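For reference, the structure discussed in these notes is given below.
Number of protein chains: 4
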Amino acid sequence: MSIGIGVIGTGIMGSDHARTLAGSIKGAALAAVSDTDAERASALAAATRAGRVHADGFALVADPDVDAVLIASPDPTHEDLVLACLSAGKPVLCEKPLSPSVEGCLRVVAAETALGRRLVQVGFMRRFDPGYRSVREALLTGEAGAPLLLHCVHRNASAPPSFDSGMLISNSAVHEIDIARWLLEDEIESVTVFRLPARTPSGLLDPQFLVLETRRGRLVDVEVFVNARYGYDVRAELVCEAGTLTLAPQAPVRLRSSGQDSSRVAEDWRAHFAAAYRNQLQAWVDSIGTGVAVGASAWDGYAATATGAACLDALQSGTRATVRMQERPALYDA
Amino acid sequence: MSIGIGVIGTGIMGSDHARTLAGSIKGAALAAVSDTDAERASALAAATRAGRVHADGFALVADPDVDAVLIASPDPTHEDLVLACLSAGKPVLCEKPLSPSVEGCLRVVAAETALGRRLVQVGFMRRFDPGYRSVREALLTGEAGAPLLLHCVHRNASAPPSFDSGMLISNSAVHEIDIARWLLEDEIESVTVFRLPARTPSGLLDPQFLVLETRRGRLVDVEVFVNARYGYDVRAELVCEAGTLTLAPQAPVRLRSSGQDSSRVAEDWRAHFAAAYRNQLQAWVDSIGTGVAVGASAWDGYAATATGAACLDALQSGTRATVRMQERPALYDA
Amino acid sequence: MSIGIGVIGTGIMGSDHARTLAGSIKGAALAAVSDTDAERASALAAATRAGRVHADGFALVADPDVDAVLIASPDPTHEDLVLACLSAGKPVLCEKPLSPSVEGCLRVVAAETALGRRLVQVGFMRRFDPGYRSVREALLTGEAGAPLLLHCVHRNASAPPSFDSGMLISNSAVHEIDIARWLLEDEIESVTVFRLPARTPSGLLDPQFLVLETRRGRLVDVEVFVNARYGYDVRAELVCEAGTLTLAPQAPVRLRSSGQDSSRVAEDWRAHFAAAYRNQLQAWVDSIGTGVAVGASAWDGYAATATGAACLDALQSGTRATVRMQERPALYDA
Amino acid sequence: MSIGIGVIGTGIMGSDHARTLAGSIKGAALAAVSDTDAERASALAAATRAGRVHADGFALVADPDVDAVLIASPDPTHEDLVLACLSAGKPVLCEKPLSPSVEGCLRVVAAETALGRRLVQVGFMRRFDPGYRSVREALLTGEAGAPLLLHCVHRNASAPPSFDSGMLISNSAVHEIDIARWLLEDEIESVTVFRLPARTPSGLLDPQFLVLETRRGRLVDVEVFVNARYGYDVRAELVCEAGTLTLAPQAPVRLRSSGQDSSRVAEDWRAHFAAAYRNQLQAWVDSIGTGVAVGASAWDGYAATATGAACLDALQSGTRATVRMQERPALYDA
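Protein chains in written order, with my numbering: chain A, 11 to 344; chain Z, 11 to 344; chain S, 11 to 344; chain H, 11 to 344.
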């Protein structure tokens, strides 16, 4: 009766997803995992009692025990794996980005549009975060009036050495791009990126400050800072015509000691967004049962990559860049 | 492969539990529900796709598809139903109180002790609340030093007309009695209850203020107020030798409008403790699989009722009352 | 045109007051200081450009350049010095306690009543604290309804070795006694003191927990803890029929670093109540000009000492003690 | 012994200053007030017991009883009045702007430089606000590391109908320009202004979003919103290499009622910055006594106007504008 899920990629995110699916997602059975690192895949399968291990993601997609696929493999592999799922007619939850390239995203959109039904969900998990959902609900009550500006900060304690300046946008700020589109129900039209002088020999431009302008005349600003040291911190303030909505979740317990009144800041996104990740998975599994798509669509995945691409242009040019997007197919109408 | 759960009682709590079991508890299947109100039971069974409806709780306990039982029927029925589960060798999660009478609790303890293994869990869900767990974890780090005092407030927006003065203790403050024992790893020895003049024709003594003294010399004070009007509010501060731990969870979103900076207060305990209830159910179902008991035991249920009984004496007498408890059987050693 | 103020006692509080008077109280001139420690008095006089140094407080009271007197000398000297001020017809601001003995307070009340006009103010500075004043204003709007309970905590980082168990009441909790009377406009009728086992060889009973019952049926509870280590912390929650008012001032700046979101806790009462002390002095000096008494009266000083005395009885007896107070002379009607 | 102060301009700010000087600034005597509205000036003089009323500001400057001058008259009059003070050798506290024109500011700077000693203070009162001072002190401890970004919001409940788009910069954001220079000890080099579509027939561009880039490579962003409706709100977050400092002062009292946990937002800047205004006046009066200048200098006033002028250019052009500033005379070295 359970839906057989296959997880492609057993790195940090794939492992987390597999454990959550196996341990606390109702209606899901972990049918298979796959990874090019066979040892890592086998270890995860043993720990989660996954049904089967595949060396190859495409073999996993083809596995008849796999009813739906979760993709958490390296970014460049996403497009082809999602296309394989579409060919197989299997629902797929793909970690962001849908594809690192705008063209790759468009190929997925085209394939899904040709298919005529939505099978693809992109893992923008913030849409399932209780905090962001509360902001959206509060906005929809109208008490604060129409939205005007959205201020965002997105900080990580530290980034791996391989992180380059573009990844602050494509890997981090892309979450704000998606959440801004979702909260504002608006499309980003142009972008400006302000850079500070590099502070390390590597030349990493960190932090960066983005200003996004939307079709309907709103502004979104994003501080993205991947070596903020003190912890993981994601906050936002939505400024409306008659009031503001502030998302600034705090740990439920405060400690007073040694002259300080303090609460803990999360170490990383997995702790901060644990409920969001779980909710996303449960909603996805439930949506497979009902056939009603939820979460970010392939189109949202395309919009995020296209907007991110404009930000990368703006980062290099130092001037305002325009977001170029195609017309949205009717499949993605709300 | 799922564990078949039977839910006895389909009032507010029983319905909530059944829906949670059916919708989001991994490894559980809702095998049966029962209620003396057959219509209400059938409606719930339909909504949750429960396997079967029993008119009688004892028939549900005997149902071979029922592997474990959740009791949410009226308080006076708890004892006999728990004893039936013990006779049948089936794990049982019983909503508090284990029994309204001290003697009833002791009969359950005696039966379980005779059985020689723990099958009974009492539904003190706060032990599974992320906030209280954070307090306990923080306490165990030792950073704040040894605990000295625990201040508690427990407020409901309103109580039903049937609520009497004793129920502020047996129904509400009993949660603080359990959580104080759990947090402090200590037993309450004597109790004093301060009463304010009744404010309504019904003579309801609301709020009340309890001061509990423990064996190891700590103090616990509890304001219990069941018609606080503004909302449901449960907070605590644990004062230790070198610092304090404050549990005061806040909604993640703040609204600034009309001259106010505000956040929402929960309407009732179901909203406030939603995560606690879900976590409790998942842990209980998981514990059936592993065979390792979790949560409040029958002994904890007895201690809560015995301490509550002393509070009721103290409420009437206006003076300090002593908690009388038997020796704890070895089955309940940590 | 300025009012000449004489300050008796040049310890921590007297020095603070003298500096504030000299540096930032409009309309006040520091006419004289006195102390039995002549060297300390001279040093302060030099630092504050005080007009004159007296070895004796009574000489200061008699000094024709001294229009009004601030008493910050040791507690046992207060009564006679205040009586001298009354004899001289000079306004006096006396640090609490008005007198450590109930009889001493009554002698001051009798002398002032005989004089027929109010010259005595007692230094319960919290009545001038912006926070407590906000609580009172909020209460008076009626939005929260009638008051029912007042929860208080009063913590010091550490107490000097000379601090004994009674001083937790007479020196610390006496502030809560006064502020409760002022906020509730009510008189305390009976008191209970809960003690924890002493934790040091000195046998100091710290913390203590007081429960005060008022004539109009309200409850006030006070945790007083003079070796709380982490800092100075004074907070309160006033629970009313339709809502609660929480006084929990926070430093205006929060630091996020090293995994913590933190703000500073004050080191001591002088930092925490700096505005209250300044406001009290300005209001006192202004009141000398207008002739309209403000702040805590001699009667309030008597009530605080009488209530404190009952608490000391309750601390020793372990049972509820009754506060014995005389009838209030009409001079002290609001 | 008091310093005779003359206040020019008896509008809202001038009246407030006069009352504060008369009522709570030690060492100051209100020697005179002046206004072109003689009636208003006389009424204020009566209320504050000011020594004399002048119809003309220059006559006030010349008044031998006036030792120092506070200018709160309309902006275009500032320059000539300040120059008159310099000619008379009298200390002057001039409300911002020092002059609406860059050239006007430079003329004041030149005159003061020629005089060779600092007599001019500009009324950027935030430098005396306990909150901003705490931020600066915390920054100087080094605990958070070197500053990188400063996020600011500056909101008014409503602006008068006469407010035009440029005034959001010259009247409001100019405070952030000054405080950023003071906190960061840095000079603003270029500015970008993002505008949202006008929402009213008047065409007022409100809110606006400024991004300022400094010589030392820091970014400052400012949301300025003069019709935010809900109240007056000024907050900031200073992001540093190892942590962040957040200035977000809250009212000391929280009310829980009607399902909300709320605190008050200030109505206007006078309530929000009451302590800052008082501290500024006391520090100015004290500085006259000591001869050591404090607060924002004429140079700071020039820098604020010059930076504001660049922002106005940027607002019109829609592109980045460069701030043009002269070399700083040695008189203004720290």
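Built from N, CA and C at the ideal position, the CB exists for glycine as well. What you are looking at is a predicted structure, and each value in this text was computed from that prediction instead of being measured.
Sequence-distant residues of its chain with Cβ nearer than 7 angstroms to residue i (five each side left out)
i         : result
Glu89(Z)  : Ser109, Gly114, Arg117, Val118
Leu125(Z) : Leu96
Arg274(A) : Ala261
Ala306(S) : Gln131, Val132, Phe134, Arg137, Asp188
Ser25(Z)  : Leu54
Residues of its chain near residue i, where Cβ-Cβ distance is below 8 angstroms and the 5 sequence neighbours each way are ignored
i         : result
Arg334(A) : Ala316, Ala320
Arg264(A) : Asp271, Ser272, Ser273
For residue j and residue i, the rounded distance between their alpha carbons
i         : j         : result
Asp139(S) : Leu103(A) : 57 angstroms
Ala82(A)  : Ile18(A)  : 6 angstroms
His64(H)  : Thr87(H)  : 16 angstroms
Leu215(S) : Glu197(Z) : 22 angstroms
Trp309(A) : Tyr142(H) : 45 angstroms
Ala183(A) : Ala208(S) : 56 angstroms
Ala32(Z)  : Asn166(S) : 52 angstroms
His164(S) : Ala156(Z) : 19 angstroms
Gly269(Z) : Gly16(S)  : 44 angstroms
Thr256(Z) : Val249(Z) : 8 angstroms
Pro101(Z) : Pro84(Z)  : 19 angstroms
Leu325(H) : Asn237(A) : 33 angstroms
Gly14(Z)  : Asp73(Z)  : 10 angstroms
Ser267(Z) : Ala340(Z) : 58 angstroms
Ala78(A)  : Arg128(A) : 13 angstroms
Ala39(S)  : Arg288(S) : 15 angstroms
Glu122(Z) : Ser175(Z) : 32 angstroms
Neighbourhood of residue i by C-beta, 6 angstroms cutoff - its chain only, sequence neighbours within 5 removed
i         : result
Asp278(S) : Tyr242
Phe68(S)  : Ala94
Range of the contiguous alpha helix (DSSP H) that encloses residue i
i         : result
Val184(Z) : 184–194
Val71(Z)  : 67–72
Val145(H) : 140–151
Gly311(Z) : 308–327
Gln260(Z) : Neither: Gln260(Z) is in no alpha helix (DSSP H) and is coded neither H nor E.
Leu54(S)  : 48–58
Arg29(A)  : 22–34
Ser297(A) : 284–300
Where the beta strand (DSSP E) containing residue i begins and where it ends
i         : result
Asp90(Z)  : Unbroken run through Asp90(Z) is the alpha helix (DSSP H), 88–98; no beta strand (DSSP E).
Glu247(H) : 243–250
Thr202(A) : 198–205
Thr224(Z) : 218–224
Ser273(S) : 270–274
Gln131(S) : 130–132
Arg165(S) : 157–165
Val112(Z) : Unbroken run through Val112(Z) is the alpha helix (DSSP H), 112–125; no beta strand (DSSP E).
Cβ-based burial, residue i [other Cβ within 10 Å; buried from 16]
i         : result
Pro170(S) : exposed
Ile22(A)  : exposed
Ser144(H) : buried
Pro107(Z) : buried
Gly213(H) : exposed
Ala286(A) : buried
Gly311(A) : buried
Gly299(Z) : exposed
Gln290(A) : buried
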